[in-house]
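Participant:
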Amino acid sequence: MLKFRKIAFVLSLMATPFGANATEADTTAAIMQYKDCMYLNNVAYGNINPTFIKDLPIDAFATLEVSYGAGTGTITKAGKGAFHQLDKSGKTRDLNVSVYGVRKLRDVSFEGGMSYNNGKDNNRAWNATLYQSEQNPFMLADSLFSDYSTEEFSLDGRFSWEPIELIRFGVNADYEVGTTSDEQDPRLETKGMLFTINPGIDFKVAEYVKIGATGGIRLFNENAKYSTVETGNSASFFVMSGMGTCMDQGGTSYQREVKGLAYFADLQVYWQRPDYGNLLNIGFEKNREKATDGGNTYQFLGGEYNNMKISANERFSFTKGKFIHNFELGAAIEDIKGTWFYQENVTDPTTGQSQWVVMDQDDEKHLEKRMTGDFAYRLDVLSRTGQPSWSAGINAYFINSDMKNNPSGYYQKYTNIKAGAFVKKTFQIKKSIFSLSVGGDYKMNLSNSFYMSQGERLRDKYTFPMFEYTTADFYDVYGKLETKIPIPGKKFKSYIGIFAEASTQRYIGDLDRFNKTAFNQFGGGANYTF
Numbered sequence: 001m002l003k004f005r006k007i008a009f010v011l012s013l014m015a016t017p018f019g020a021n022a023t024e025a026d027t028t029a030a031i032m033q034y035k036d037c038m039y040l041n042n043v044a045y046g047n048i049n050p051t052f053i054k055d056l057p058i059d060a061f062a063t064l065e066v067s068y069g070a071g072t073g074t075i076t077k078a079g080k081g082a083f084h085q086l087d088k089s090g091k092t093r094d095l096n097v098s099v100y101g102v103r104k105l106r107d108v109s110f111e112g113g114m115s116y117n118n119g120k121d122n123n124r125a126w127n128a129t130l131y132q133s134e135q136n137p138f139m140l141a142d143s144l145f146s147d148y149s150t151e152e153f154s155l156d157g158r159f160s161w162e163p164i165e166l167i168r169f170g171v172n173a174d175y176e177v178g179t180t181s182d183e184q185d186p187r188l189e190t191k192g193m194l195f196t197i198n199p200g201i202d203f204k205v206a207e208y209v210k211i212g213a214t215g216g217i218r219l220f221n222e223n224a225k226y227s228t229v230e231t232g233n234s235a236s237f238f239v240m241s242g243m244g245t246c247m248d249q250g251g252t253s254y255q256r257e258v259k260g261l262a263y264f265a266d267l268q269v270y271w272q273r274p275d276y277g278n279l280l281n282i283g284f285e286k287n288r289e290k291a292t293d294g295g296n297t298y299q300f301l302g303g304e305y306n307n308m309k310i311s312a313n314e315r316f317s318f319t320k321g322k323f324i325h326n327f328e329l330g331a332a333i334e335d336i337k338g339t340w341f342y343q344e345n346v347t348d349p350t351t352g353q354s355q356w357v358v359m360d361q362d363d364e365k366h367l368e369k370r371m372t373g374d375f376a377y378r379l380d381v382l383s384r385t386g387q388p389s390w391s392a393g394i395n396a397y398f399i400n401s402d403m404k405n406n407p408s409g410y411y412q413k414y415t416n417i418k419a420g421a422f423v424k425k426t427f428q429i430k431k432s433i434f435s436l437s438v439g440g441d442y443k444m445n446l447s448n449s450f451y452m453s454q455g456e457r458l459r460d461k462y463t464f465p466m467f468e469y470t471t472a473d474f475y476d477v478y479g480k481l482e483t484k485i486p487i488p489g490k491k492f493k494s495y496i497g498i499f500a501e502a503s504t505q506r507y508i509g510d511l512d513r514f515n516k517t518a519f520n521q522f523g524g525g526a527n528y529t530f
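Mapped onto our numbering, the consecutive letters of the sequence shown carry residue numbers 1 to 530.
1) By a C-beta neighbour count over all protein chains shown, 10 Å radius and 16 as the cutoff for buried, is Q361 buried or exposed?
2) Taking the alpha-carbon positions, what's the G338 to E364 distance?
3) Taking the alpha helix (DSSP H) that K54 falls in, what are its first and last residues?
4) Given a threshold of 16 other Cβ atoms within 10 Å of its Cβ, counted over all protein chains shown, does Q454 qualify as buried or as exposed?
5) Kindly indicate the opening and closing residues of the beta strand (DSSP E) around I201.
6) Identify, in the order they occur along the chain, each residue of the same chain with its Cβ nearer than 8 Å to the Cβ of G489, setting aside the five sequence neighbours on each side.
7) Does the separation of the CB atoms of E482 and S435 fall below 7 Å?
8) If you check the beta carbons only, do S143 and Q184 fall under 7 Å apart?
9) Closest by CA to G303, which one among S389, M240, K491, T471?
10) I'd like the span of the beta strand (DSSP E) that includes A128, first residue to last.
11) With H, G and I counted as helix, E and B as strand and the rest as coil, what does DSSP make of Q521?
12) What are the boundary residues of the alpha helix (DSSP H) that includes I31?
13) Could you say if the segment 156 to 170 and the segment 232 to 246 meet the contact criterion of at least three C-beta pairs nearer than 8 Å?
14) Going by CA-CA distance only, name the one from I197, R103, R187, N395 that's closest to A141.
15) At which residues does the alpha helix (DSSP H) containing M444 begin and terminate?
16) Let me know the secondary structure DSSP gives L40 once reduced to three states.
17) For V177, does the count of other Cβ atoms within 10 angstroms reach 16, so buried, or fall short, so exposed?
18) DSSP three-state label for Y591, please.
19) Measuring only the C-alpha atoms, how far is G251 from T228?
20) Return the bridge partner residues of G216 from the DSSP annotation.
21) Can you tell me whether H84 is buried or exposed? The criterion is at least 16 other CB atoms within 10 Å of its CB, across all chains shown.
22) According to DSSP, is P407 part of a helix, a strand, or is it coil?
23) Do K484 and G497 have their beta-carbon atoms positioned less than 7 Å apart in this structure?
24) Check the DSSP bridge columns for V229 and list the partner residues they point to.
25) Determine the direct distance from the alpha carbon of E230 to that of N416, and round the result to whole angstroms.
26) Alpha carbon to alpha carbon, how far is D107 from L267?
27) Could you give the uninterrupted runs of the beta strand (DSSP E) lying entirely in the segment 234 to 304, keeping only those of 3 residues or more?
28) Does the distance from the CB of K124 to the CB of S89 come in under 7 Å?
29) Using DSSP with H/G/I as helix, E/B as strand and the rest coil, what is D107?
30) Helix, strand or coil for T347, going by three-state DSSP, please let me know.
31) Let me check understanding here. Comparing Cα to Cα, which of G283, Q505, Y148, Q33 lies closest to N122?
32) Taking 8 Å as the threshold, find out whether the segment 345 to 352 comes into contact with the segment 318 to 333 through three or more Cβ pairs.
33) Counting only the same chain and skipping the five closest in sequence on each side, list residues whose C-beta sits under 7 Å from that of E162.
34) Helix or strand or just coil, what does DSSP make of T92?
35) Cα-Cα, which of K369, K418, Q428 is closest to D402?
36) I need the straight-line Cα distance from T179 to K191, nearest angstrom please.
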């Protein structure tokens, strides 16, 4: 990963908080409520095209934040664990430090940030990956539960340049690196890296209308190594090939490298009037990841994953008096294919060394078609400062998955929906502002079907428990309290923020595995904005 140091250095220049105080045009209220301000005043906020940062409503600010969060399961029935996916932890802790900033000059705009996360997961198993795609079925895993430590560092930066009024250029770059490890045999250490870069452009085709385009690549690399201190004990490793089907590997060590390359392209149609705005984004992405086990001399192909995704997203915003309405729609389809290589271990008669030789391959070993859709509506009521005093919203999410694993004819299918709502009140006491947010979600399975033979080794230990959680019904509620306090200063304006939040997710179905279980999370932190 040393070759990415120069890239990281360039990104750090883009992601610097710029050390700039807000200009007079940026009101105190806008800085103190910058997340609401940037969302409500830029219909393209958060879009992948970097040129749109030119339209951010705040010219300059930076914020530094330190936060801590923890999650733990509530066990209310003897013998039952917390409500979480099998390959996740029932007890988590995370310390995060981040910085984020915006700086706009006459023709040039910058936005970026960096973060460091230190996490602990207790009693976790069944997944040795870090940044590998969640839909990639070709995982490396072991079944022994142990405690994991994870460290991650991320750096992102965006740049936009407007040489003339009719055209803008931009570039976005994201870099993420991390490692996760445990201290119990078999000891796992996984190191991963993600790097994304995409240039962008937009053209002004009418007084209020722009057409934009962006495209780029995402590079992925991950190395997982198992080792044992007590070399007399042999461990079992599972080379997964979809839906829990696997090939067993045993020994005192095992090694895997996964490399990936994704390329993507997005088109935008964007128009913004003083009281109306609309953004339509059409996206295409193709992702490929391939696993190779055993190091440089003893290579076994651990599967090749391919995913093609087409998406469309629409956001419409309009203002009437002190009310701002935002509507969002999204849809995506994914076509996932996993290729498995049938190999034999043969010995080279000339060298005496053994090696894996591909005898055949199945391009349809693992197949999945996914369809997702989402809807959101948000209403904001503005105060005299021009920032929201009340915010409320509703949202819904839909997913349909049809997965098959060949040649045995195994399958799992499900359709889930999730609906939620929130309300937020922001009020001012003297020069400080306070906000209270509460909300909740309800997730329900509409249909599901599953088939895998009883003789499959991991059916009841891994595959079916994973499927039961995916199709489980639950609700969650959450709340957050935060405040921003201005620090006195004649020329330099700055603010201290403090927040605390908590949530609980509770299973409401009749599955014995999750009966009366829950997962609770809480967190808090402080930030400094200037």
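Note that CB positions come from ideal geometry on N, CA and C, so glycine has one too.
Facilitator: Quick answer:
1) Here residue 361 refers to the residue found at position 361 of the sequence shown. It is exposed - the Cβ of Q361 has fewer than 16 other Cβ atoms within 10 Å.
2) Locating residue 338 in the sequence shown gives position 338, counting from the first residue. Locating residue 364 in the sequence shown gives position 364, counting from the first residue. Each residue's alpha carbon lies about 6 Å from the other.
3) Stepping through the sequence shown from its first residue, residue 54 is reached at position 54. K54 -> no alpha helix (DSSP H), and no H or E assigned at all.
4) The count along the sequence shown starts at 1 and reaches residue 454 at position 454. Result: exposed.
5) In the sequence shown, residue 201 corresponds to position 201, counting from 1. Counting along the chain, the beta strand (DSSP E) containing I201 begins and ends at 187 to 204.
6) Translated into positions along the sequence shown, residue 489 becomes position 489. If we look at G489 and ignore the five residues flanking it on each side, it has no Cβ neighbours.
7) For the purposes of this step, residue 482 is identified with residue 482 of the sequence shown, where counting begins at 1. For the purposes of this step, residue 435 is identified with residue 435 of the sequence shown, where counting begins at 1. Closer than 7 Å, so yes.
8) The residue given as residue 143 occupies position 143 in the sequence shown. The residue given as residue 184 occupies position 184 in the sequence shown. No, these two residues do not count as a Cβ contact at 7 Å.
9) Indexing the sequence shown from 1 puts residue 303 at position 303. When only C-alpha atoms are compared, the closest one is M240.
10) By one-based count along the sequence shown, residue 128 stands at place 128. Element bounds for A128: n/a, residue is neither H nor E.
11) Within the sequence shown, the letter at position 521 stands for residue 521. Residue state, collapsed to three classes: strand.
12) By one-based count along the sequence shown, residue 31 stands at place 31. First-last of the alpha helix (DSSP H) with I31: 28 to 32.
13) no
14) For this step, residue 141 is matched to residue 141 along the sequence shown. Taking only the C-alpha atoms, the option nearest A141 is R187.
15) Reading the sequence shown from its first residue, position 444 is the one you call residue 444. Here M444 belongs to no alpha helix (DSSP H); instead the beta strand (DSSP E) covers 432 to 451.
16) The sequence position of residue 40 within the sequence shown is 40, counting from 1. Helix, per DSSP.
17) What you label residue 177 is simply residue 177 of the sequence shown in a count that begins at 1. Per the 10 Å Cβ criterion, buried.
18) Residue 591 is absent from the model: the chain starts at 1 and stops at 530.
19) Walking along the sequence shown from the start, residue 251 turns up at place 251. Walking along the sequence shown from the start, residue 228 turns up at place 228. Cα to Cα, the separation comes out at about 9 Å.
20) Translated into the one-based positions of the sequence shown, residue 216 becomes position 216. DSSP, once it has assigned bridges, lists F264 as partnering G216.
21) On the sequence shown, position 84 is the one that residue 84 refers to. H84 should be labelled buried.
22) Within the sequence shown, numbered from 1, the residue matching residue 407 stands at position 407. Three-state result, P407: coil.
23) Sequence index remark: in the sequence shown, residue 497 carries index 497 (1-based). Sequence index remark: in the sequence shown, residue 484 carries index 484 (1-based). Contact: yes.
24) Counted from its first residue, the sequence shown places residue 229 at position 229. Paired residue(s): none; V229 is not in a bridge.
25) Reading the sequence shown from its first residue, position 416 is the one you call residue 416. Reading the sequence shown from its first residue, position 230 is the one you call residue 230. If you take the alpha carbons of N416 and E230, they lie about 45 Å apart.
26) For the purposes of this step, residue 107 is identified with residue 107 of the sequence shown, where counting begins at 1. For the purposes of this step, residue 267 is identified with residue 267 of the sequence shown, where counting begins at 1. Computed Cα separation, rounded: 23 Å.
27) 235 to 240, 246 to 251, 254 to 272, 276 to 293
28) Taking the sequence shown and counting its residues from 1, one reaches residue 124 at position 124. Taking the sequence shown and counting its residues from 1, one reaches residue 89 at position 89. Looking at the sequence itself, residue 124 is Arg, so the reference to Lys does not match. Contact flag set, yes.
29) One-based indexing of the sequence shown puts residue 107 at position 107. Three-state DSSP puts D107 in coil, outside helix and strand.
30) Indexing the sequence shown from 1 puts residue 347 at position 347. Here T347 sits in strand by DSSP.
31) Start at 1 with the first residue of the sequence shown, and residue 122 comes out as number 122. Among G283, Q505, Y148, Q33, the Cα nearest to that of N122 is on Y148.
32) no
33) In the sequence shown, counting from the first residue as 1, residue 162 sits at position 162. Counting only Cβ-Cβ distances below 7 Å, and skipping sequence neighbours, we find K54, D107, R168.
34) The sequence position of residue 92 within the sequence shown is 92, counting from 1. If DSSP states are grouped into helix, strand and coil, T92 belongs with the strands.
35) The sequence position of residue 402 within the sequence shown is 402, counting from 1. Nearest of K369, K418, Q428 to D402, Cα basis: K369.
36) Stepping through the sequence shown from its first residue, residue 179 is reached at position 179. Stepping through the sequence shown from its first residue, residue 191 is reached at position 191. Going by the C-alpha atoms only, they are around 4 Å apart.
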